[in-house]
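Trainee:
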Amino acid sequence: MRVGQNPSKKAKSVAMPERITVAVLNYIPFIKGFYADMPNVLKVCLNSIRENTELPFDLMVFDNGSCEDVVQYLVEERNAGNIQYLILSEKNLGKGGAWSIILDGAPGEIIAYADNDIYFKKGWLRESVEILETYPDTGMVTARPFRSNQDYFTYTIEWARSTPEAVLEQGCFIPWESYRDFNMSIGNKEEELKELYPQKNDWRVKYKDVTAFVGASHWQFTGYKSVIKKFLPFKMDRPMGQVKYLDQHMNEEKYLRLMIPDSLAVNMSNSLDDVPEVPNLKIPERTVSSTVAPQGLSQKFLQFGPVKKIFMKLYDLIFKWYFGQPS
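Our numbering applies: residue 1057 is where the sequence shown begins, and numbers increase by one.
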């Protein structure tokens, strides 16, 4: 039997979501090894969104089964008003499963998605939205230029060539420093990059006085929710390695895939030790006390160069056996 009247019935209005939802996918299962510094990477990512985003937005974080300490940090951020929408999954649904929830559930008309290791510079969202709103039938806009797989943007080149108002150029337009820093952040060696850099070209287009690079990526993109929902749900049966589905199918369905000309999204990877494109990056206080542990003799042995190299190769091999090639 009901007791009293629900006071919500007297409310005359409800809060409305912002037009843009910035959505971050987080997964930190433990705070050791590969993930030792990830709580701090996550903190820097979220802080950069709050500090360097010039358009009104709501922040959504989907946690994909992280450890208790990381979940506690996110709950505290939500309680402090720093996160508007926090979704906590008990288990890891994989990136595809998480995307199906994030990209369907985000309340904004525009969704700006990011992995949890991206540092954003001022202007990233404003420039992304400008391209999104200027170019027709745009599927996704990434907040930095980089050299991606041309097989995933063949339609964008076709559109630019057949559109009288568009001016398409091919050449070496991405500065060496930007090319080097991004590719080193995903594990490539500088010596190899020096050989590869002059061998490939970039594609750049100008339309209605707005310049963009051709290409985009699943690790960070901005797009209209109405367009992104056309590709839901994502049927992915592995945690990683299948996320290029979105890149591939947006191209096949004739949506433009573009990038802003400036490097305003920086891949930090799993450590704050060396983030060359953000020279003044302030490393925050450790968010979890267990992140740093004193090194005994066994730890010093494991950190010895040749030993570490062997074990890291074995680690990568085991990961590939279980989960396939990482994206």
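Beta carbons are placed, not taken as given, at the ideal position from N, Cα and C, and that holds for glycine.
May I ask you to report which of helix, strand or coil DSSP gives residue 1110?
Mentor: coil
Trainee: At a cut of 8 Å, does the region 1107-1124 reach the region 1160-1180 through at least three beta carbon pairs?
Mentor: yes
Trainee: Taking the alpha-carbon of residue 1367 as reference, which of 1089, 1063 and 1284 has the nearest alpha-carbon?
Mentor: 1089
Trainee: Between residue 1173 and residue 1326, how many whole angstroms is the CB-CB distance? I'm expecting something under 8 Å.
Mentor: 7 Å
Trainee: Cα separation between residue 1323 and residue 1333?
Mentor: Distance between the alpha carbons of residue 1323 and residue 1333: 9 Å.
Trainee: Just verifying my parser: in three-state terms, what is the DSSP assignment at residue 1242?
Mentor: coil
Trainee: In chain order, what residues of the same chain lie with their CB nearer than 8 Å to the CB of residue 1321, ignoring the 5 residues before and after it?
Mentor: 1170, 1174, 1175, 1176, 1177, 1180, 1198, 1199, 1200 and 1276
Trainee: Which runs of the beta strand (DSSP E) spanning at least 3 residues fall entirely within the region 1158-1238, listed in chain order?
Mentor: 1166-1171, 1174-1176, 1194-1198 and 1222-1227
Trainee: My output table needs one value for residue 1259: the three-state DSSP class, helix, strand or coil.
Mentor: strand
Trainee: Spell out whether any CB of chain B is found under 7 Å from the CB atom of residue 1187.
Mentor: The chain labelled as chain B is not found in the depicted structure, where only one protein chain is given.
Trainee: Can you list, in chain order, the residues of its chain with a C-beta nearer than 6 Å to that of residue 1078? Leave out the 5 residues immediately preceding and following it.
Mentor: For residue 1078, the CB contacts under 6 Å within the same chain, skipping 5 residues up- and downstream, are 1105, 1113, 1115 and 1168 in chain order.
Trainee: Write down every uninterrupted run of the alpha helix (DSSP H) in the region 1302-1340 whose length is 4 residues or greater and which is fully enclosed by it, in chain order.
Mentor: none
Trainee: Residue 1057 by DSSP, collapsed to three states: which one?
Mentor: coil
Trainee: What does the Cβ neighbour count give for residue 1370, buried or exposed, with the cut at 16 atoms within 10 Å?
Mentor: Of the other Cβ atoms in all chains shown, fewer than 16 fall within 10 Å of the Cβ of residue 1370; this residue is therefore exposed.
Trainee: Rounded to the nearest angstrom, what separates residue 1316 and residue 1073 at their Cα positions?
Mentor: 26 Å
Trainee: Locate the alpha helix (DSSP H) running through residue 1139, then write down its first and last residues.
Mentor: No alpha helix (DSSP H) holds residue 1139; DSSP gives it neither H nor E.
Trainee: Alpha carbon to alpha carbon, how far is residue 1226 from residue 1154? Give it in angstroms, no decimals.
Mentor: 36 Å
Trainee: Is the beta carbon of residue 1229 less than 7 Å from the beta carbon of residue 1260?
Mentor: yes
Trainee: Count the C-beta pairs between the region 1119-1126 and the region 1080-1089 that are closer than 8 Å, then say yes if the count reaches three, no if not.
Mentor: yes
Trainee: In the DSSP assignment, find the unbroken beta strand (DSSP E) run with residue 1076 in it and report its ends.
Mentor: 1076-1082
Trainee: If the criterion is Cβ atoms closer than 7 Å, does the pair residue 1289 and residue 1184 meet it?
Mentor: no
Trainee: Where do the N-terminal and C-terminal ends of the beta strand (DSSP E) with residue 1268 fall, by residue?
Mentor: 1266-1270
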